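Reminder that position 483 of the sequence shown reads as 483 in the numbering used here, one-by-one numbering, no gaps. Even glycine gets a Cβ: it sits at the ideal position worked out from N, Cα and C. The model shown is predicted, which means the values in this text are computed figures rather than measured ones.
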Amino acid sequence: MSYHSQPLEADDVRPFLFDTQCVFARDLDRLREVLEVCFGDVDLVPQKLPLPKKLVFPLDFFPVDNVTQMQQVRAFAEDFSAKLKVPLEDISLASEWLKSGRGQESGRSLESYLGDAATETFLYDFYHSFDGFRHEYRKRFGKEPYANEYTRWRWNTARTVTKEQNEQAVQRLKVYRKWLLGSVFESDTHDTYMILPISNVEPNYKDRKIEPPGKQYAYDSLYISPTIQAPEIVVPIGECTYDSRVSQREEKLPIAVSVVGNPDSTIVATLSAPISNSFASLKTLSWLGTSFLVANAATQPITHHEWVFILGRTIAGAGGGAMVAISTFVGSDLVPLRKRGVVQGINNIAMGAGAGLGGFLGGWLNEALDWRWAFLIQIPFILLGTILVGLYVRIPVKESDTSAWRRIDHGGNLVQWNHPLVLTTLPLGASLLAFFVWIEGRTAKAPIIPLKLLLNRTVASACTTYFFTYMASFGIMYYVPIYLQLLGLSPMSTGLRFIPQSAGTALGALGTGIIIRSTGKYVLINTLAHTLLVASSAMLLFLGWNTPPAYVFVALAMYGLGFGAILVTTLIVLISSVNHVF
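Here it is in structure tokens:
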């Protein structure tokens, strides 16, 4: 691990998190061997890594007064350039900044512009991350908590950093990151690697005066990798000698460099990943889908104005869920039972085509513009659908405006599992569920969920089938793309691999509907569909670095066929087993 490879999220700077992987290796030819030893599986290491087209050598940070270190670093850079067969370019970040529009606009040098940005953001975040601890400690013991000298210095210094200063520092880091990616790393091509020094190599004696805690500066080689959010490779390249005044003999010190690439050269995100990265919370990625599906309560805890995104996804989830349900109701209510399979198949074709093209289009929009356009582009299609429904769908009204809809209560919330409210809300939720069941079963004139239906074995089986099928489907939808991006695929490539799944869903649904209309039988089709689901899911377990694209296409196409068929057969079984009064 590199000790300085912490990530800097510009929207929420957390530089005390050290979680970017780095790799040590003795020479370039053995990097792959080191990876195999570290990860324990040769299949996890790609045989062919994408190579850069240019190496840059920033002279700003190299200790030019240490001749031995400079000579060995230069030799490594030239050897690296020769091995990769790419040009090596000496640059000065300070000079490039002054020549750029950013430098001319600010009228300051790069070092002056960044100033204390790293210190202010680091200390502000570090200090306020302990707010709860300090509050609880003062509440229990009536005094300030003990802190060692270094932590106490951090806290005392952080108290002088205001919220406005922190926000301004964050903004400067954002500008710096954007400039680095666009002007130095050429983020539109992803073809530039940078070679950086690992400190100034010099002996560090025990009797040396210990420097007091000091500030951290963003204008430093240690901050290049975390600023652009890119992993780096740390390579020990040699050693230099010195005459030790302790041992009275010649001693040696290691010399190392780090190689930093554009983030997209090794970490290519699907559409879900850039969304989560924008809010600094990849660990809550699943909530991006869950909040849409469980729109009444589940919201993802992603930082920095997350309530806006949560509210949007919750509203979209409520509307999307209603559209799916209502379109099914319309088809079930207006179409004869024998033809409902075909109608549901056509409906699934539309859904499948949208899902397939959506993944590809979303990946393209993320690369060409921004992930937010994947949501904005839906607006005209939704408006068009709204207009068409208003013009052409005519359903007899069976209840007045004071119907069952007005008797429905809506609400919900989400808290962390370790939050004290959980101990209250879980028992309360269980009690309310029992009360809901009693109301629905005993007193409600127009129950939201007619519980008598669940006593029907066919209905219960169909509901169980839907539950597990959709559980598997959305697991594949949200996590297989993330796994594929870890293998190095771009958002567009990932979207393309899901087109067979969408096409299979459409074909399976329509084909099943036609067969049911012709034969009136569905048991054998249902069995075959579940077999396809199990087989395709098993195939996805064996994805790896060397998996050919055709394997992924076939697995997802099989899953789509089975999923589409199950949607139709289960719906037909469900409808045919229930009295129309429900």
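Residue i versus residue j - alpha carbon distance
i: Gly-513; j: Leu-421; result: 48 angstroms
i: Ala-550; j: Met-471; result: 25 angstroms
i: Ala-565; j: Leu-426; result: 37 angstroms
i: Ile-91; j: Val-56; result: 7 angstroms
i: Trp-545; j: Gln-229; result: 24 angstroms
i: Lys-53; j: Ala-94; result: 23 angstroms
i: Phe-126; j: Phe-61; result: 27 angstroms
i: Val-568; j: Leu-453; result: 19 angstroms
i: Ser-473; j: Ser-536; result: 11 angstroms
i: Pro-58; j: Ala-82; result: 18 angstroms
i: Gly-429; j: Ile-449; result: 17 angstroms
i: Ala-509; j: Gly-475; result: 20 angstroms
i: Gln-583; j: Ala-75; result: Any property of residue 583 remains undetermined from this structure, which presents the chain solely from 1 to 582.
i: Ile-379; j: Ser-106; result: 39 angstroms
i: Tyr-146; j: Val-161; result: 21 angstroms
i: Thr-227; j: Leu-484; result: 25 angstroms
i: His-135; j: Arg-159; result: 15 angstroms
i: Lys-163; j: Arg-152; result: 20 angstroms
i: Tyr-137; j: Phe-130; result: 10 angstroms
i: Leu-433; j: Thr-469; result: 24 angstroms
i: Pro-500; j: Val-234; result: 41 angstroms
i: Ala-538; j: Thr-531; result: 11 angstroms
i: Lys-445; j: Ile-525; result: 38 angstroms
i: Val-86; j: Leu-540; result: 38 angstroms
i: Ile-387; j: Gly-511; result: 30 angstroms
i: Leu-391; j: Phe-381; result: 15 angstroms
Nearest-angstrom beta carbon gap, residue j and residue i [assumed within contact, 8 angstroms]
i: Met-194; j: Val-257; result: Contact doesn't hold; Cβ gap of about 10 angstroms is too wide.
i: Val-73; j: Pro-197; result: 6 angstroms
i: Phe-563; j: Leu-533; result: 7 angstroms
i: Thr-570; j: Thr-494; result: Between Thr-494 and Thr-570 the Cβ distance is about 29 angstroms, and since that is not below 8 angstroms, they are no contact.
Contacts around residue i, its chain only, beta-carbon distance under 6 angstroms, and the 5 residues preceding and following it disregarded
i: Gly-504; result: Ala-557, Gly-560, Leu-561
i: Asp-19; result: In this prediction, Asp-19 scores a pLDDT of 34, lower than 50, which makes its location untrustworthy; the coordinate-derived value is nonetheless stated afterwards. Nothing meets the Cβ criterion.
i: Thr-241; result: Glu-250, Lys-252
i: Ala-529; result: Gly-562, Ala-565, Ile-566
Buried or exposed by the 16-neighbour rule on C-beta atoms within 10 Å, applied to residue i
i: Val-246; result: exposed
i: Phe-185; result: buried
i: Phe-435; result: exposed
i: Phe-498; result: buried
i: Ala-460; result: exposed
i: Gln-69; result: buried
i: Leu-123; result: buried
i: Asn-156; result: exposed
i: Val-389; result: exposed
i: Thr-192; result: buried
i: Thr-121; result: buried
i: Phe-80; result: buried
i: Asp-401; result: Note that Asp-401 scores 44 on pLDDT, short of 50, meaning its location in the model is unreliable and no value can be drawn from it.
i: Val-170; result: buried
i: Ser-431; result: exposed
i: Ser-221; result: buried
i: Arg-140; result: exposed
i: Asn-148; result: exposed
i: Leu-181; result: buried
Contact set for residue i: own chain, Cβ-Cβ below 8 angstroms, skip 5 residues either direction
i: Pro-254; result: Val-201, Pro-236, Gly-238, Glu-239
i: Ser-100; result: Trp-179, Ser-183
i: Trp-97; result: Gly-103, Ser-109, Leu-110, Tyr-113, Trp-179
i: Arg-154; result: Leu-123, Phe-126, Tyr-127, Pro-213
i: Leu-383; result: none
Own chain, CB closer than 7 angstroms to residue i, minus 5 neighbours either side, in chain order
i: Glu-78; result: Leu-88
i: Leu-574; result: Val-459, Ala-462
i: Gly-441; result: Leu-451
i: Tyr-219; result: Leu-110, Glu-111, Leu-114
i: Leu-507; result: Leu-561, Gly-564
i: Tyr-223; result: Ala-118
CB contact check: residue i to chain D, cutoff 8 angstroms
i: Glu-250; result: Absent here is chain D; the protein component of the structure consists of one chain.
Inter-stretch contact (C-beta, 8 angstroms, three-pair minimum) for the stretch 168-187 and the stretch 116-132: yes
Sufficient close CB pairs (3 or more, under 8 angstroms) joining the stretch 475-484 to the stretch 534-553: yes
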